[in-house]
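Here our numbering is used: the first residue of the sequence shown is 10, the next is one more, and so on. For glycine and all other residues, C-beta sits at the position ideal for the given N, C-alpha and C. Model, not experiment: these values are computed from the prediction.
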Amino acid sequence: MTGRIVLAYSGGLDTSVAIPFLADQMGAEVIAVAVDLGQGGEDLDAIRQRALDCGAVESEVVDAREEFAAGYCLPAVKANALYMDRYPLLSALSRPLIAKHLVAAARKHRGTVVSHGCTGKGNDQVRFEVGIGALAPDLKIVAPARDFAWTRDKAIALAEERGLPIDVSHRSPYSIDQNLWGRAVETGFLEDIWNAPIEDLYSYTANPAESRDPDEIVITFDAGVPVAIDGETVTPYQAILELNRRAGAHGVGRIDMVEDRLVGIKSREIYEAPGAITLITAHQELEGVTVERDTARFKRGVEARWAELVYDGLWFSPLKRALDAFVDETQRHVTGEVRMTLHGGRAVVTGRRSEASLYDFNLATYDTGDTFDQSLAKGFVELFGLPSRMAAARDARLGQ
């Protein structure tokens with residue numbers, strides 16, 4: 010039987026050319042798998058047919074939008090996941106899910122090789138291959154652009170030589186990746202990190218400098234899960250979709266940063282993540298009301314490590330699973346409502362309430378009705394500061 014290769018297929022030039030290229034180089038049949046993560050754009054049925062027209066023996070389109078929202082974006086909300094305190098992991102979160110479906114397709118079609126279109130300079134090669142290795146260590150992996158020194162010029166020449174049904178005349182100056190959780194733009198003039206981004210770069214967000222009326226929104230959470238917007242019940246997918254629309258209309262979620270790639274280089278990235286930033290901002294605020302101090306302090310370190318693991322492609326690692334268990338435990342009481350104003354590129358919290366709140370008005374107030382016993386404070390301060398005073402006395406005694 011002829012060997013079979015499962016290819017992560019996007020419908021673009023590189024993965025379309027990869028179909029006949031892999032078939033020739035490896036003498037194998039190619040099964041193309043496209044995964045719908047809410048990226049929009051071209052009709053996925055057209056993408057499926059293009060793969061067949063390019064020589065794939067099978068072509069599948071997987072609708073994973075709800076799965077992506079509930080199984081990958083939602084854990085990121087619970088973990089307040091922002092790599093380097095800024096990037097909401099929109100590409101990194103999608104790769105383990107794509108890897109999962111590539112492995113499933115390989116099992117279904119009795120494939121022995123999985124292929125992707127990543128180069129050797131990026132993070133995604135790691136995310137795909139480490140994920141596939143964790144799920145199916147028996148599968149081999151081939152990356153044409155990396156393993157066969159494949160250039161874009163070669164890809165265009167092969168497409169023209171084979172008469173493949175794909176436009177090779179237009180090339181965007183940018184590299185773009187997008188899905189339900191956000192949109193990433195890089196390369197082109199952005200590689201000069203002094204150049205400011207231009208408005209044409211953006212698609213998910215309106216210009217925040219344009220005048221418009223503010224939008225007030227109330228997000229309801231149940232155990233860390235967004236379950237309603239303005240009182241209307243939503244699934245995680247619907248919540249992200251609606252917040253992408255409403256927060257995006259006010260320019261919320263634009264990020265311009267130089268980030269540390271896993272492969273050791275720094276890369277300038279432009280991100281748009283209106284729904285992600287709005288949800289994480291609201292969730293952080295509700296945790297501030299419902300999670301006690303020591304747990305909250307420790308969780309902040311867990312959040313940073315969680316984001317690093319996901320960024321580095323270690324979604325299926327033992328440490329990631331262990332951190333998930335901790336994060337889930339912290340969400341037991343993260344239930345309530347957060348009111349926000351969306352305006353001028355910001356999602357600003359203006360109110361919060363919860364039946365599980367640790368905020369006690371009578372303890373917090375400075376007015377009549379204050380139940381805080383201030384007479385206890387003097388002894389508390391004395392004991393709290395005792396180690397510092399003892400250390401200072403020691404240093405004075407030793408002349409230090």
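I'd like the span of the alpha helix (DSSP H) that includes residue i, first residue to last.
i	result
M399	386-406
F370	370-373
R330	327-339
V311	302-320
R255	245-257
V26	22-35
I165	161-171
L351	Taken as a continuous stretch (DSSP letters only), L351 belongs to no alpha helix (DSSP H), being part of the beta strand (DSSP E) at 345-352.
D54	53-62
When the Cα of residue i is compared with those of the options, which residue comes out closest?
i	options	result
I5	S25, F77, G345, R116	Beyond the ends of the chain as shown, which are 10 and 409, falls residue 5; an answer cannot be given.
D94	L385, R314, F393, R398	R314
E51	S25, S19, E364	S19
V319	V44, T287, Y92, K87	Y92
M266	D201, E241, T304	D201
A114	G273, W324, R398, R13	R13
A55	I165, P29, S25	S25
D222	E208, S100, S184, R355	R355
R116	V298, L271, P146, G131	P146
S363	R171, K163, G378, A232	A232
N132	R270, E195, R171	R270
G322	R136, P396, A166	R136
V336	T350, M349, G310	G310
Between which two residues does the beta strand (DSSP E) harbouring residue i extend?
i	result
R136	Careful: R136 lies outside any beta strand (DSSP E), inside the alpha helix (DSSP H) at 133-144.
Y280	275-281
R13	13-17
P235	234-238
R104	From DSSP, R104 is part of no beta strand (DSSP E) but of the alpha helix (DSSP H) over 99-118.
F230	224-231
K149	149-151
A43	38-45
V358	355-362
In its own chain, which residues sit with a C-beta less than 6 Å from the C-beta of residue i, not counting the 5 before and 5 after it?
i	result
P182	G197
D156	none
Excluding the five sequence neighbours on either side, which residues of its own chain have a C-beta within less than 8 Å of the C-beta of residue i, listed in chain order?
i	result
C82	L102, L189, W190, P245, I249, A285
G49	Q187
Work out the CA separation of residue j and residue i for me, nearest whole Å.
i	j	result
M10	L328	Note that M10 has pLDDT 48, beneath the 50 cutoff, so the model's placement of it is unreliable and no number is given.
S326	L144	10 Å
A218	R57	40 Å
L31	A37	7 Å
A78	H352	25 Å
C127	G21	13 Å
S276	L199	10 Å
S184	L210	11 Å
V347	F307	23 Å
H292	E170	53 Å
S100	P235	21 Å
G394	G378	29 Å
F230	Y368	17 Å
For residue i and residue j, which I take to be in contact (beta-carbon distance under 8 Å), what is that distance rounded to the nearest angstrom?
i	j	result
A154	D33	In fact, because the Cβ distance is near 16 Å, the residues do not count as touching under 8 Å.
A41	A60	4 Å
L106	E75	Not confirmed; about 11 Å, so no contact.
V358	E296	Contact doesn't hold; Cβ gap of about 12 Å is too wide.
V390	T339	V390 to T339, Cβ: 30 Å. No contact.
G80	I28	Incorrect: roughly 29 Å between the Cβ atoms, too far for contact.
Looking only at its chain, what residues have a beta carbon closer than 7 Å to the beta carbon of residue i, apart from the 5 residues adjacent to it on each side?
i	result
P283	Y213, T214, L252, N253, A256, G257, V261, G262
L111	V15, A17, V42, V123, I141
E312	A88, N89, A90
T380	N371, L372
L98	A85, A90, Y92, A316, V319, Y320
A305	E296
E294	V347, V358, R361
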